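Scroll down for the structure; my scribbles are underneath it.
See below:
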């Protein structure tokens, strides 16, 4: 039976909207106030114990959390829909996001533009066994954990109970990966390869090459969708006018463009693109230090032991992560959707295993869906494309593991996916 809000909607349209105007749940005002007060207190703490730059990055983190939550912008779900039923809406939104980000990154990296005087550098990492294994494991993990790195944070902030387990195990896996990283770095590998700087193409040529790839993927996925005629993504409830900024859902492509702009701002402010999982390794390593473990000797911390001595508020990735969680919490409260629930046993076990695999895989692969996939490709790094291919392969196998633990996958017979 079709819900009342969706009656009259043209489900058979080739390209339907990812949002629909309908009645929204009441604003959860107590939660909104708790989120706003917590956000202000943390912001003031960052200014007191760190710098204004960190404070600005924290605000960008809040904006990222709001954007991700409002559009339910997924990397895990996009891969799952593509593999299981051939729905390409999510992956096509990725391509638009990456195209916009690559354009902005090309300008920033080629000109050295910076708001803070810090020379901008993209995420360009080696291509070897480490990233192949790591991204494959991450692909399995994000399907089992039901969320990637960004998905774990914004769903955790948005009230999805299982993400508590995913996040904790993600941190544990990141620490284990950091401990083992020296072994993986000694395995065969190509050096970092930039499609702009490691070739004669330059940033303009590298930008052109990547645009051809984006367009090709978009066209190919369009053909896949027309052939398979998959169920469309269920439209998210939204409203009209300016209220949509804080109340209703945002179209997927709109959110992708906003994420691209925020990532570019991050690059021009801190000199590096948006990242997430290095903070997980930091939090876990600091916890081990409390028990006398000398994590500073690990290869992962070589040349960066200062981060282990300073407050986490001085770590830009950490403050952005805190911002994402709070931004998502505030956004969910405005939508009236912050409703944690019980966790089924199968989901709990799958979440823990998925988090461990993602944490470990992210360390081996020099990043997650944000640092390696989003930031890597936007930085013209070959490793970003390798990450995408191997994470898709891992996701394929991850769908089978989901069934074992009682998690559902999209079906061609579904009304929505």
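Residue numbers (this note's numbering): 1121 to 1537.
Here a beta-carbon is modelled for each residue, glycine too, at the ideal position from N, C-alpha and C.
Quick caveat: nothing in here was measured; it's all calculated off a predicted structure.
Let me confirm a value: residue i is counted as buried when at least 16 other C-beta atoms fall within 10 Å, else exposed. Which label applies?
i            : result
residue 1311 : exposed
residue 1134 : With a pLDDT of only 47 at residue 1134, under 50, the local geometry of the prediction cannot be trusted, and no value is derived from it.
residue 1522 : buried
residue 1320 : exposed
residue 1370 : buried
residue 1507 : buried
residue 1343 : exposed
residue 1528 : exposed
residue 1406 : buried
residue 1202 : buried
residue 1192 : buried
residue 1339 : exposed
residue 1489 : buried
residue 1164 : exposed
residue 1394 : buried
residue 1200 : buried
DSSP three-state call for residue i: helix, strand or coil?
i            : result
residue 1426 : helix
residue 1212 : helix
residue 1238 : coil
residue 1470 : helix
residue 1307 : coil
residue 1405 : helix
residue 1247 : strand
residue 1171 : coil
residue 1531 : coil
residue 1367 : coil
residue 1489 : helix
residue 1464 : coil
residue 1253 : helix
residue 1280 : coil
residue 1207 : coil
residue 1521 : helix
residue 1187 : helix
residue 1126 : Its pLDDT being 40, under 50, residue 1126 is placed unreliably by the model, and the measurement read from it follows with that caveat. Correct three-state label for residue 1126: helix.
residue 1342 : helix
Report, in whole angstroms, the separation of the C-beta atoms of residue i and residue j, which I expect to be a contact under 8 Å.
i            : j            : result
residue 1530 : residue 1207 : 7 Å
residue 1541 : residue 1501 : With the chain covering only 1121 through 1537, there is no way to say anything about residue 1541.
residue 1250 : residue 1305 : 6 Å
residue 1462 : residue 1526 : Between residue 1526 and residue 1462 the Cβ distance is about 14 Å, and since that is not below 8 Å, they are no contact.
residue 1451 : residue 1189 : 4 Å
Bridge partners for residue i per DSSP, in chain order?
i            : result
residue 1352 : 1536
residue 1357 : 1140
residue 1074 : This structure gives no information on residue 1074, because the portion of the chain shown stretches from 1121 to 1537.
residue 1501 : 1314
Identify which residue in the options has its Cα closest to the Cα of residue i.
i            : options                   : result
residue 1535 : 1205, 1447 and 1347       : 1205
residue 1275 : 1510, 1446, 1346 and 1426 : 1446
residue 1220 : 1374, 1528 and 1298       : 1374
residue 1159 : 1145, 1181 and 1242       : 1181
residue 1466 : 1141, 1427 and 1286       : 1286
residue 1404 : 1432, 1153 and 1381       : 1432
residue 1457 : 1493, 1136, 1144 and 1140 : 1144
residue 1413 : 1313, 1333 and 1296       : 1296
residue 1187 : 1382, 1291 and 1148       : 1382
residue 1482 : 1392, 1455, 1156 and 1299 : 1299
residue 1391 : 1215, 1231 and 1194       : 1231
residue 1492 : 1288, 1352 and 1510       : 1510
residue 1376 : 1142, 1214 and 1425       : 1214
residue 1152 : 1479, 1366 and 1171       : 1366
Using a Cβ-Cβ distance cut-off of 8 Å, determine whether residue i contacts chain C.
i            : result
residue 1290 : Protein chain content of the structure displayed is limited to a single chain, and chain C is not contained in it.
With a threshold of 7 Å, establish whether the CB of residue i neighbours any heavy atom of the ligand GDP.
i            : result
residue 1335 : As far as ligands go, the structure on display features none, and thus does not contain the ligand GDP.
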